[in-house]
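In our numbering, the protein residues as written are 54 to 366.
Don't be surprised by glycine CBs; every beta carbon is placed ideally from N, CA and C.
Predicted model, so just to flag it, every value in this text is computed and none were measured.
Taking it in order: structure first as structure tokens, then the write-up.
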């Protein structure tokens, strides 16, 4: 018989440590415990749920989670997130605030998210807003496990099921350094495909949009990409002449304004999508999170960077 009331936080933290570090010994070192102590915590958790949570790794070294272990790991993350949120709320209340809301945004949104948080602090000074920036995958993961009550991204996820509101247009284009050979002429597909496209990691929303556009332009021909870890690195690499980049216009307004980067006129550009604000559909938001949701909508995108008028037709 499953005894969920017998589960302890020590057991869940031991499971998370084993999942992260790959073995009981490494988990013990990370938590400052002995290997037998970690074994005892895992054994107690398995006794409580009446199923094995760990199995020997395929290479024979260390431990992997079973399917049941992954289920418990997801629950452990949600429990720790909920406790962390409760602790943050209590701390906010002690500072005279109504509560604290964690806002998750994809990395491209970091170019306007601080202005958004500033506007919210002025319109709702009693609400404390914590900003968390990550790539699309980590932002969706945080939304799924409840680490973020509200998230801002370029395209709502399929999972988890979310409620989504459009915040405003999100234009994308290709940028090149000043004096680039493609400037000042009609850009053919052949000329474009001779270039190296500097891009983010697989799964990035901007990369997905770039690849869809290039697939149309290339019509089955290959194109070369070079992967980089951030938009800032990509911009610096473009300015250094390593290649060209398909980026959100919201990430390059300063560089375009100063002339350090130039927008390229190319087939099908700019591509205009939308920014969305999302929250889990299967959870009733806390009143403080609901107030913040409505406050963001009321701002009507006034925090977005100023860019040239985009024809989205």
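Could you pull the start and end residues of the beta strand (DSSP E) that residue i belongs to?
i	result
residue 108	107-109
residue 218	215-229
residue 155	152-159
residue 301	297-301
residue 337	Counting along the chain, residue 337 falls outside any beta strand (DSSP E), and DSSP gives it neither H nor E.
residue 319	Taken as a continuous stretch (DSSP letters only), residue 319 belongs to no beta strand (DSSP E), as it is neither H nor E.
residue 204	203-206
Alpha carbon to alpha carbon, what distance is there between residue j and residue i?
i	j	result
residue 239	residue 305	23 Å
residue 228	residue 308	10 Å
residue 214	residue 333	6 Å
residue 261	residue 204	19 Å
residue 157	residue 76	31 Å
residue 138	residue 172	23 Å
residue 109	residue 132	26 Å
residue 358	residue 118	45 Å
residue 79	residue 71	7 Å
residue 217	residue 329	6 Å
residue 336	residue 343	12 Å
residue 254	residue 107	31 Å
residue 291	residue 130	39 Å
residue 274	residue 247	11 Å
residue 316	residue 169	26 Å
residue 364	residue 321	Interpretation of residue 364 is limited by its pLDDT of 38, a score under 50 that renders its predicted location unreliable; the figure taken from the coordinates is listed afterwards. Between residue 364 and residue 321, the C-alpha separation is close to 12 Å.
residue 211	residue 197	11 Å
residue 123	residue 60	16 Å
residue 362	residue 289	The predicted model places residue 362 with a pLDDT of 46, which falls under 50 and marks its position as unreliable; any figure quoted below should be read in that light. One C-alpha to the other measures close to 25 Å.
residue 348	residue 83	41 Å
residue 378	residue 257	As shown, the chain starts at 54 and ends at 366. That puts residue 378 outside it, with no answer to give.
residue 147	residue 341	16 Å
residue 90	residue 116	16 Å
residue 190	residue 266	21 Å
residue 125	residue 92	16 Å
residue 167	residue 105	45 Å
residue 354	residue 276	35 Å
residue 62	residue 183	25 Å
residue 263	residue 74	35 Å
residue 350	residue 193	21 Å
residue 300	residue 174	29 Å
residue 185	residue 339	19 Å
Check whether the Cβ atoms of residue i and residue j lie closer than 9 Å to each other.
i	j	result
residue 151	residue 179	yes
residue 230	residue 293	yes
residue 195	residue 187	yes
residue 251	residue 296	yes
residue 242	residue 272	yes
residue 352	residue 224	no
residue 177	residue 345	yes
residue 356	residue 165	yes
residue 323	residue 226	yes
residue 68	residue 103	no
residue 326	residue 209	no
residue 249	residue 286	no
residue 141	residue 99	no
residue 283	residue 160	yes
residue 153	residue 162	no
residue 199	residue 111	no
residue 319	residue 220	no
residue 88	residue 97	no
residue 114	residue 56	no
Can you tell me where the alpha helix (DSSP H) holding residue i begins and where it ends?
i	result
residue 192	189-198
residue 78	77-84
residue 95	88-102
residue 349	340-351
residue 66	62-74
residue 308	306-311
residue 132	120-147
residue 244	242-246
residue 166	166-176
Kindly examine the ligand GTP and report whether one of its heavy atoms sits closer than 8 Å to the Cβ of residue i.
i	result
residue 320	The model on display carries no ligand, and the ligand GTP is accordingly not part of it.
Could you tell me which residues DSSP puts in a beta bridge with residue i?
i	result
residue 186	158
residue 180	152
residue 360	Paired residue(s): none; residue 360 is not in a bridge.
residue 116	109
residue 212	Answer is none; residue 212 lacks a bridge partner.
residue 330	205, 218
So within the stretch 248-290, which uninterrupted alpha helix (DSSP H) runs reach at least 4 residues, ignoring any that extend past its ends?
As far as the stretch 248-290 is concerned, its whole alpha helix (DSSP H) runs of at least 4 residues are 258-271.
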